[in-house]
Structure formats: C-alpha cells, structure tokens
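Peer 1: To convert, take the position in the sequence shown, counting from 1, and add 3; that gives the numbering used here.
All C-beta atoms in this analysis are idealised placements derived from N, C-alpha and C, irrespective of residue type, glycine included.
My questions all concern the structure below.
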Amino acid sequence: MIYGYVRVSTTMQETANQELEILRYCKDKKMNIDEIFSFVVSSRRRKEERGLNKLLELVKEGDTLIFTELSRLGRSTVEVISILRELAEKGVTVHLIKQNMILDKNGDPFQRMLITMIASFDELSRDVISLRVKEGLKGSRERGNVGGRRKGQKVSKKLDGKEEEIKQLLELGVGKGKIASKLGVSRPTLNRFIEEKEL
C-alpha cells in the first residue's frame, strides 16, 4: 500500500498544497497512491494527536509512506529520527519529496547523518521563526493593532479562489466526489462552480 501524510499547523493554513504535491509526485513516479491522511494540528502536539500513531500502526512491511518534507514528521530532531527508525524497522519505505530522498531499511550511514542534520536545522529554523512571530505580535499589540476580521467585512464564498486547485485536482484524475468532500462542499455545489468557472 502507498500512503501520503499531510499536516498543517493551523486552520489558517490549507492541506491542499501538500496533497497536490504528493499527487504530482506519484504521477511523475507512476505510483498509485491508496490514501492520503490529512491533519490540521500543531507539531507541538503529541504523536497520537497528529495522527502519526494511527499511521505507524497501519503501515506494514513493503508499504510506502510519502511526506512532502522532513518537518511533517515531527518538531524535534529526536522525534524525527525515532519515527524514521521505527518505519525502517517495520520495512516501510519513506519518500521525502522536498529532500529528494527515498529511505528504507537498507539506508546507508551517510543518509542517516544527512537526515539528522536536516532535522536539526528545521528545528532551529522553526524556533527562530516562532520567536520572531511572538515578538512581532507583541510589538503590534503595543502599537494598538488588533488582529482579526474587520466589522462588516464579508467572508468570500467557500470555493472562491480555489479555481486553480480544483483544476489541478481534476487534471490529476481525482474524482469530483473526493474534491467536494476535501473542500467541504456538496458535489452539486462543486459541479455548479466548475460549470460557472468553465473548469
């Protein structure tokens, strides 16, 4: 079986970009993906809350697991290495798209060292960004700026701005039912939108 794993940290982010990246990768590699697991949860949460435990229990020897990048596995270097070791011991092949790496139980020592370095840099980078965001928000509040939607501001229709994403999913052969479910609308609503926008 071939599985994809997608995770974003907040509801302000979308899983769609990662899903499309995995679908494109599979199409390029002529792989038939069986299922993509998507989660909206911070990397600070436990493995169980990020859906990783479920996935680690599900996969078995000979399966393939695809991530867009190493940082999707976990926040700390220790956790990332631990998860990769567990997958290797189970005989699961891991594809890391952005790192252009395929890891399996026969992975060489250089590859393992490289993974450790990448995970360490990712962890440091996230900590620096988090600190900058906190400092920026604090400064903004001190200047009297309050976030959020302005009073009276209208929320756009659910599918507005999703034209390119829908078009790409259709081109990748994803069924309209799955697209509608992913975008949180009914299939007739999606069909009307496709007709109106001539997608």
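1) Are the Cβ atoms of Gly139 and Gly94 separated by less than 8 angstroms?
2) According to DSSP, is Val9 part of a helix, a strand, or is it coil?
3) Less than 8 angstroms between C-beta atoms, sequence neighbours within five positions excluded: which residues of the same chain meet that for Leu58?
4) Whose C-beta lies closer than 8 angstroms to the C-beta of Asn35 among residues of the same chain, with five residues either side of it excluded?
5) What three-state label does DSSP hand Glu72 in the structure shown?
6) Please tell me whether Leu162 and Leu186 are closer than 8 angstroms, where the distance is taken between their beta carbons.
7) So, using beta-carbon positions, are Glu72 and Leu99 closer together than 8 angstroms?
8) In terms of residue numbering, what span does the beta strand (DSSP E) encompassing Leu59 cover?
Peer 2: With the given structure in hand:
1) Cβ distance not < 8 angstroms, so Gly139 and Gly94 don't count as in contact.
2) In the three-state scheme derived from DSSP, where H, G and I count as helix and E and B as strand, Val9 is classed as strand.
3) Contacts found: Tyr6, Tyr8, Phe40 and Leu68.
4) Contacts found: Ile5 and Cys29.
5) Note: Glu72 maps to coil in three-state DSSP.
6) In contact: Leu162 and Leu186 (Cβ atoms closer than 8 angstroms).
7) Closer than 8 angstroms, so yes.
8) Counting along the chain, Leu59 sits inside no beta strand (DSSP E); it lies in the alpha helix (DSSP H) bounded by residues Leu55 to Leu61.
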